[in-house]
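A.B. asks: Take this structure, written in structure tokens, and hold onto it; I'll ask about it next.
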Amino acid sequence: MKKYSIATGNPHEQLIISNIRVSYDDFNNGNPYNTSFSVKVISGDFAGTAEFEYNIKDFISFIKEIRELYNFKLNKVELYDIGYGSNIQFYLDKTGHIKILGTIYGDSMEHSLTFTFPTDQTAIEAFSTSLYKDFITENTYKL
Numbered sequence: 115m116k117k118y119s120i121a122t123g124n125p126h127e128q129l130i131i132s133n134i135r136v137s138y139d140d141f142n143n144g145n146p147y148n149t150s151f152s153v154k155v156i157s158g159d160f161a162g163t164a165e166f167e168y169n170i171k172d173f174i175s176f177i178k179e180i181r182e183l184y185n186f187k188l189n190k191v192e193l194y195d196i197g198y199g200s201n202i203q204f205y206l207d208k209t210g211h212i213k214i215l216g217t218i219y220g221d222s223m224e225h226s227l228t229f230t231f232p233t234d235q236t237a238i239e240a241f242s243t244s245l246y247k248d249f250i251t252e253n254t255y256k257l
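In this text, residue positions in the sequence shown follow my numbering: the first is 115, and each later residue adds one.
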């Protein structure tokens, strides 16, 4: 499975989305829990992985918004899990610095990781470009 990574240049500050699965049957039947993926966060000496549940329509909106953040058209974007409530926010300032912060929850919310780390817009370029290419331009997931 393909991975989408934010590489800050620091191995102790990373965000990786992987294992994206879309259920077309659930989507066509109106079930909002039609997309799932893993989010791994490395922040300092801590790391955690959360499973996100999403509606593919909302995930497509996130992909468009993260691209707009990269292009200085938005200054805040949020990725919010509709299952356990894991969330990740991206804040862009006027100079191109980005603060990535949030809380992710493990299975049954038994574990959590609250994190924050700074980066700049160049760190999200490959992340936003590859997501946009796969889900919008080439429609790899056949939406």
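Note that CB positions come from ideal geometry on N, CA and C, so glycine has one too.
Can you give the Cα-Cα distance for V191 and G199, rounded to whole angstroms?
C.D. replies: Looking at the two C-alpha atoms, the distance is approximately 16 Å.
A.B. asks: For G216, which residues does DSSP report across the bridge?
C.D. replies: Its beta-bridge partners are I202, F229.
A.B. asks: According to DSSP, is D172 helix, strand or coil?
C.D. replies: Here D172 sits in helix by DSSP.
A.B. asks: Could you spell out the range, first to last residue, of the alpha helix (DSSP H) harbouring F240?
C.D. replies: According to the sequence provided, residue 240 is Ala. The question's Phe does not apply to it. Per DSSP, A240 belongs to the alpha helix (DSSP H) from 239-246.
A.B. asks: Identify whether N124 lies in helix, strand or coil by the three-state DSSP scheme.
C.D. replies: Three-state DSSP puts N124 in coil, outside helix and strand.
A.B. asks: Measuring only the C-alpha atoms, how far is F229 from T209?
C.D. replies: One C-alpha to the other measures close to 22 Å.
A.B. asks: Tell me whether Y263 sits in a helix, a strand or coil according to DSSP, three-state version.
C.D. replies: What is shown of the chain runs 115 to 257, which leaves residue 263 out entirely.
A.B. asks: Assess, as a yes-or-no matter, whether the segment 120-130 is touched by the segment 219-233 under the definition of 3 or more beta carbon pairs within less than 8 Å.
C.D. replies: Touching, per the Cβ criterion.
A.B. asks: I believe N148 touches F141 by the beta-carbon criterion, under 8 Å. Please report the beta-carbon distance rounded to the nearest angstrom.
C.D. replies: That belief holds up - the Cβ atoms of N148 and F141 are roughly 4 Å apart, short of 8 Å.
A.B. asks: For K171 and F160, I'd like the C-alpha separation in whole angstroms.
C.D. replies: For K171 and F160, the distance between alpha carbons rounds to 31 Å.
A.B. asks: Taking 8 Å as the cut-off, decide whether the C-beta atoms of A164 and I120 are in contact.
C.D. replies: No; because the gap between Cβ atoms is not below 8 Å, this pair is not in contact.
A.B. asks: Residues in the same chain with beta-carbon distance under 8 Å from A237, minus the five sequence neighbours each way, listed in chain order, please.
C.D. replies: Within the same chain, A237 has close Cβ partners I120, A121, T122, G123, I212.
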